[in-house]
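Below you'll find the structure, written out as structure tokens, and then a few comments.
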Ligand SMILES: Nc1ncnc2c1ncn2[C@@H]1O[C@H](COP(=O)(O)OP(=O)(O)OP(=O)(O)O)[C@@H](O)[C@H]1O
Ligand SMILES: Nc1ncnc2c1ncn2[C@@H]1O[C@H](COP(=O)(O)OP(=O)(O)OP(=O)(O)O)[C@@H](O)[C@H]1O
Ligand SMILES: [Mg+2]
Ligand SMILES: [Mg+2]
């Protein structure tokens with residue numbers, strides 16, 4: 001299936017193995033309006049489509065404000081999309097009633113960037129995990145204890161640390177507690193929103209190894225939101241690149257990073273600092289700043305900073321088209337692919 | 338007492354060194370306990386070059402920077418030992434650790450300046466950026482208002498702010514994070530410093546903006562010929578900006594060397610571990626072995642086990658020993674000295690020969 005007809009949402013071909021399918025997702029936030037200021041609309045997410053196959057990790061990358069967190073929250077229905085469709089295991093998430101939504105929420109969990117603010121400081125670790133374990137149904141004490149211990153071991157914490165409070169742990173350990181809590185309900189799918197971004201590199205490596213183990217041992221499917229392309233390439237099977245609310249490029253992670261097709265992906269990759277002073281550097285330095293999301297440029301949202309933009313870029317929103325098998329790019333400059 | 342010992346040695350530094358820190362110790366008192374945030378830092382900042390200080394969160398990078406500036410909040414914190422030998426513009430050799438407050442103020446305003454991670458907290462929200470730069474310029478150079486404003490516009494141009502004549506009248510909140518960081522740099526450079534201390538100046542920025550700021554700082558450092566102390570926890574940024582690198586761990590410098598040597602032949606297991614544990618884009622590490630099958634397994638990262646100790650409870654001996662795969666009994670007995678392992682390359686590890 002190619003991109004849909006002009007005007008409609010762009011489509012990425014669906015594969016039978018997809019656990020999650022996002023189609024034409026849009027989220028607008030009306031803001032302002034007080035003190036005689038005009039009411040404006042933040043177009044946080046605009047026509048985003050992608051899919052996550054079962055057992056895969058898909059990375060969502062882009063600079064600050066590109067709409068990554070908003071996509072993650074809309075998938076979990078923590079916010080209501082303005083338009084578009086989120087399909088989880090064949091079910092349209094928007095159509096779920098209250099009871100069904102609760103069951104569905106058990107299957108999907110989120111891990112946040114800041115492990116500290118997402119843990120209740122007045123609860124001990126065993127209480128935090130037990131709360132998640134019994135959210136659905138009560139559980140005998142012995143079983144609760146046993147499962148809490150196993151979860152902590154699973155994420156690399158010692159069971160004797162169970163009776164401590166979050167502030168008694170390091171950042172990396174808190175992130176493990178957050179992961180243990182997410183795993184308590186035995187989810188199929190996890191949204192990890194900048195889950196390793198705040199960690200020191202030595203600890204980040206520990207948590208990345210843990211996420212890989214979980215994927216392999218539990219068959220977890222994951223949407224991994226991040227902004228460090230090296231981390232995302234390393235962990236993910238496929239990458240979705242966003243800029244100002246729109247998808248610029250989608251592709252298998254190593255192909256996309258080795259030979260990016262979209263000018264924005266190229267710039268993003270070339271801007272990443274290389275931890276090797278001897279490496280040759282050929283940097284595409286982008287001019288200027290990211291435009292405000294309330295005054296999004298017409299046509300291609302990246303054109304104001306794009307080194308390859310031409311007049312036509314201001315008039316048409318480039319559709320996401322398949323430029324090679326499994327690779328999609330939203331750029332009208334076919335000559336520079 | 339370390340202070341007495343240090344003072345006993347004659348004060349001398351090599352010509353190519355601008356600032357030499359020896360055995361700096363800065364402690365805090367918190368809930369009755371002593372927090373040894375900086376506990377024996379040795380650093381050499383070469384003249385006209387960039388020294389990057391890299392280390393994990395809590396290793397004492399910011400406290401070291403603030404100690405040089407003598408901006409440690411007293412009485413909770415205090416420089417309790419060591420010296421910071423600095424050659425000022427008139428050629429005098431000063432120990433910044435002991436300089437009287439009034440003289441230190443002169444150095445801070447005129448020779449050493451600092452920029453911080455979050456520019457919004459150090460810019461005054463109620464004045465235009467032009468007024469803030471003009472004030473700094475007037476203060477240092479004694480220029481009149483019109484002249485100071487002209488210099489402010491010039492400074493904004495120097496840091497590549499487009500439409501400088503217009504933006505000089507804007508307030509900090511009207512600018513993007515990247516623009517504000519440029520203004521901070523302009524402010525810090527307004528005194529034409531000999532040493533610019535930059536504490537994580539790009540950490541809060543997006544990578545495309547970070548690349549712009551690093552480009553700018555590299556160019557300015559070269560053109561002005563100043564020394565730069567660049568604090569970061571990002572080894573990629575280190576490789577982009579540094580001539581020399583000092584690696585900090587738990588309040589001490591564990592290794593200092595030229596940037597090529599640090600990356601090619603690290604001589605401390607902590608440095609070695611840091612370099613090994615970062616994922617690299619495959620395009621920059623073609624040799625790195627990896628499984629490509631979608632959904633298939635990838636090589637595991639070589640993580641350093643455990644986490645950095647609290648400066649309120651440092652282990653005896655080498656502070657890295659509890660996490661170190663090469664540690665032997667001797668490592669836990671006493672703190673290894675920082676020894677020269679090759680010309681210009683120093684390591685604080687008993688086992689540097691085995692690396
Ligand atoms: N509740 C809200 N009300 C108004 N605007 C919002 C709201 N939530 C997000 N936005 C705006 O939507 C845009 C996308 O935000 P989002 O948090 O999804 O970006 P992000 O890609 O996750 O960025 P970051 O990397 O900084 O986390 C931003 O411009 C943001 O300011
Ligand atoms: N005012 C203070 N009172 C007590 N302890 C402090 C104070 N300032 C810093 N510390 C402690 O000193 C240690 C070193 O802190 P510092 O801010 O220098 O770390 P850093 O290397 O800059 O870390 P980061 O990468 O997180 O900025 C930390 O453990 C910190 O908690
Ligand atoms: Mg976000
Ligand atoms: Mg700091």
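Residue numbers (our numbering), protein chains in the order written: chain A, 1 to 337; chain B, 338 to 692.
No residue lacks a Cβ here, since even glycine has one placed at the ideal position from N, Cα and C.
Checklist entry - Would the beta-carbon of residue 656 of chain B fall within 9 Å of that of residue 588 of chain B? => result yes
Checklist entry - Excluding the five sequence neighbours on either side, which residues of its own chain have a C-beta within less than 7 Å of the C-beta of residue 614 of chain B, listed in chain order? => result 638, 639, 640 and 641
Item to check | Per-residue burial, residue 438 of chain B [other beta carbons within 10 Å of its own, 16 or more giving buried] | outcome: exposed
Checklist entry - Would residue 531 of chain B be called buried (16 or more neighbouring beta carbons within 10 Å of its own) or exposed? => result buried
Checklist entry - Which bits of chain A does residue 522 of chain B rub up against, with CB to CB less than 7 Å? => result Residues of chain A passing the Cβ test: none, with the nearest at roughly 16 Å.
Item to check | Check whether residue 542 of chain B and residue 514 of chain B have beta carbons under 9 Å apart | outcome: yes
Next on the checklist: Our contact map puts residue 348 of chain B next to residue 430 of chain B with C-beta atoms below 8 Å; I'd like the distance itself, whole angstroms only.
Outcome noted: 6 Å
Next on the checklist: Quick check for students: name the residue ranges of the beta strand (DSSP E) that lie wholly in the region 429-491 of chain B, counting only runs of 3 or more.
Outcome noted: 430-432 and 449-452
Checklist entry - Within 9 Å (strictly less), CB to CB, does residue 329 of chain A reach chain B? => result no
Item to check | Sequence-ordered residues whose beta carbon comes within less than 7 Å of a heavy atom of ligand 3 | outcome: A:68, A:69, A:193, A:194 and A:225
Checklist entry - How long is the line joining the alpha carbons of residue 670 of chain B and residue 411 of chain B, rounded to whole angstroms? => result 33 Å
Next on the checklist: Is residue 681 of chain B close to chain A? Criterion is C-beta to C-beta, closer than 9 Å.
Outcome noted: no
Next on the checklist: In whole angstroms, give me the CA-to-CA distance for residue 707 of chain B and residue 420 of chain B.
Outcome noted: Because chain B in this structure spans residues 338 to 692, residue 707 of chain B falls outside the shown range and cannot be described.
Next on the checklist: To be precise: take each residue of the region 587-621 of chain B, compare its Cβ to all Cβ atoms of chain A, and keep it if any distance is under 8 Å. Which residues remain?
Outcome noted: 596, 597, 600, 601, 610, 611, 612, 614, 615, 616, 617, 618, 619, 620 and 621
Checklist entry - Buried or exposed: which applies to residue 676 of chain B, given that a residue is buried once 16 or more other Cβ atoms fall within 10 Å of its Cβ? => result exposed
Item to check | CB contact below 9 Å: residue 323 of chain A versus chain B | outcome: no
Checklist entry - Which bits of chain A does residue 540 of chain B rub up against, with CB to CB less than 9 Å? => result The premise fails here: residue 540 of chain B is roughly 11 Å from chain A at the closest Cβ pair, so nothing lies under 9 Å.
Item to check | alpha helix (DSSP H) runs wholly inside the region 226-257 of chain A, at least 4 long, in chain order | outcome: 229-235
Item to check | Beta-carbon proximity list for residue 43 of chain A, same chain, < 7 Å, skipping 5 on both sides | outcome: 28, 245, 293 and 296
Next on the checklist: Which of the three DSSP states is assigned to residue 537 of chain B in this structure?
Outcome noted: coil
Next on the checklist: So with CB distances below 7 Å, who are the chain A contacts of residue 640 of chain B?
Outcome noted: 202, 205, 206 and 209
Checklist entry - Using the rule of at least 16 other Cβ atoms within 10 Å of the residue's Cβ for burial, across every protein chain shown, is residue 349 of chain A buried or exposed? => result Since the displayed chain A opens at 1 and closes at 337, residue 349 of chain A lies outside it and no answer follows.
Checklist entry - By the 10 Å Cβ neighbour count, where 16 or more other Cβ atoms means buried, how is residue 679 of chain B classified, buried or exposed? => result exposed
Checklist entry - Cβ of residue 399 of chain B versus every heavy atom of ligand 4: is any distance shorter than 8 Å? => result yes
Checklist entry - Beta-carbon of residue 499 of chain B versus every beta-carbon of chain A: anything under 9 Å? => result yes
Next on the checklist: Quick check on the DSSP output: the alpha helix (DSSP H) that includes residue 402 of chain B runs from which residue to which?
Outcome noted: 398-406
Next on the checklist: I'd like to confirm the pairing. Which residues does DSSP put opposite residue 29 of chain A in its beta bridges?
Outcome noted: A:42
Checklist entry - Going along chain B, which residues have a C-beta under 9 Å from residue 256 of chain A? => result Residues of chain B passing the Cβ test: none, with the nearest at roughly 11 Å.
Item to check | Contacting positions in the region 164-182 of chain A - beta carbon closer than 8 Å to chain B | outcome: 170, 171, 172 and 173
Item to check | Residues near residue 15 of chain A in its chain [Cβ-Cβ closer than 8 Å; skip 5 each side] | outcome: 51 and 53
Checklist entry - Given a threshold of 16 other Cβ atoms within 10 Å of its Cβ, counted over all protein chains shown, does residue 691 of chain B qualify as buried or as exposed? => result exposed
Item to check | Burial state of residue 665 of chain B, where buried means 16 or more other Cβ atoms lie within 10 Å | outcome: exposed
Checklist entry - Does residue 554 of chain B get closer than 9 Å to chain A when you measure Cβ to Cβ? => result no
Item to check | Limits of the unbroken alpha helix (DSSP H) element including residue 684 of chain B | outcome: No alpha helix (DSSP H) contains residue 684 of chain B, which is instead part of the beta strand (DSSP E) from 682-684.
Checklist entry - Would you say residue 229 of chain A reaches chain B, if we count a Cβ-Cβ gap shorter than 9 Å as a contact? => result yes
Next on the checklist: So within the region 551-599 of chain B, which uninterrupted alpha helix (DSSP H) runs reach at least 4 residues, ignoring any that extend past its ends?
Outcome noted: 572-578
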